[in-house]
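Asks:
In our numbering, the protein residues as written are 1 to 139.
1) Thinking residue 56 and residue 82 are a contact (beta carbons under 8 Å), I'd like their distance in whole angstroms, please.
2) Taking 8 Å as the CB-CB cut-off, is residue 22 touching chain D?
3) So residue 103 and residue 79 are in contact, right, with Cβ under 8 Å, and what is the actual spacing, rounded?
4) What's the C-alpha gap between residue 132 and residue 116?
5) Quick one, which of 126, 2, 42 has its alpha-carbon nearest residue 88's?
6) Rounded to a whole number of angstroms, what is the C-alpha to C-alpha distance between residue 137 and residue 111?
7) For the alpha helix (DSSP H) containing residue 130, list its first residue and its last residue.
8) Given this structure, state the Cα-to-Cα distance separating residue 127 from residue 109, to the nearest angstrom.
9) The beta strand (DSSP E) with residue 26 in it runs from where to where?
10) Taking the alpha carbon of residue 39 as the point to measure from, which residue in 139, 90, 97, 100 has its own alpha carbon closest?
11) With a cut-off of 8 Å on the beta carbons, I'd call residue 37 and residue 86 a contact; round off their distance for me.
12) Would you decide whether residue 84 is buried or exposed? Buried here means 16 or more other CB atoms lie within 10 Å of its CB.
13) Per DSSP, which one or two residues make a beta bridge with residue 78?
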């Protein structure tokens, strides 16, 4: 029974809930950025470099092996360089987006320089007592 209670306290703690929300939003943000890169940014870049789709770039290490009927017995071994290039673009765009978001958040959270607090004005009683003290010192 103690384990279940401890787990419930752990799971309902604010930090864990914030982390869960962050992971879910991060996952959705990642999908948006992946779509931005794959569907918006990469097609013009591919057009500029001659219609090449980066995900199709592969270096063959070993050709596929087929039998006499043309059925593939062993698949080709390739280095999928294009997928790596795509992942690098995804990372760069996510990093730039997060940097810009944090920069805006920091700008919004910056507080204006605080003015020094006004000097405390003593109450009327304290002022009267101070005057009485000063008068007694003079005598």
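Beta carbons are placed, not taken as given, at the ideal position from N, Cα and C, and that holds for glycine. The structure displayed is predicted, hence computed values, not measured ones.
Replies: Quick look at the numbers:
1) Position 56 of the chain shown holds residue 56. Position 82 of the chain shown holds residue 82. Residue 82 and residue 56 do touch by the CB rule: their CB atoms are close to 6 Å apart, below 8 Å.
2) No chain D is present in this structure, which holds just one protein chain.
3) Locating residue 103 in the chain shown gives position 103, counting from the first residue. Locating residue 79 in the chain shown gives position 79, counting from the first residue. Going by Cβ atoms, the distance from residue 103 to residue 79 rounds to 37 Å, so no, they are not a contact pair.
4) Locating residue 132 in the chain shown gives position 132, where the first residue counts as 1. Locating residue 116 in the chain shown gives position 116, where the first residue counts as 1. If I take the Cα positions, the gap works out to 31 Å.
5) The sequence position of residue 88 within the chain shown is 88, counting from 1. Nearest in C-alpha terms to residue 88, of all of 126, 2, 42, is 42.
6) For the purposes of this step, residue 137 is taken as residue 137 along the chain shown, with counting starting at 1. For the purposes of this step, residue 111 is taken as residue 111 along the chain shown, with counting starting at 1. Residue 137 and residue 111: Cα-Cα distance of roughly 47 Å.
7) Taking the first residue of the chain shown as position 1, residue 130 is located at position 130. Note, residue 130: alpha helix (DSSP H), 124-138.
8) Position 127 of the chain shown, counted from the start, is the residue given in the question as residue 127. Position 109 of the chain shown, counted from the start, is the residue given in the question as residue 109. Taking the straight line from one Cα to the other gives about 41 Å.
9) Counting from 1 along the chain shown, the entry for residue 26 is found at position 26. Element bounds for residue 26: not the beta strand (DSSP E) but the alpha helix (DSSP H), 14-35.
10) Taking the first residue of the chain shown as position 1, residue 39 is located at position 39. Ranking 139, 90, 97, 100 by Cα distance to residue 39 puts 90 first.
11) By one-based count along the chain shown, residue 37 stands at place 37. By one-based count along the chain shown, residue 86 stands at place 86. With a Cβ gap of about 7 Å, residue 37 and residue 86 count as contacting.
12) Here residue 84 corresponds to residue number 84 of the chain shown, with the count starting at 1. When all chains shown are included, residue 84 counts as exposed.
13) Within the chain shown, residue 78 is the residue found at index 78, counting from 1. According to DSSP, which records beta bridges pairwise, residue 78 is partnered with 60.
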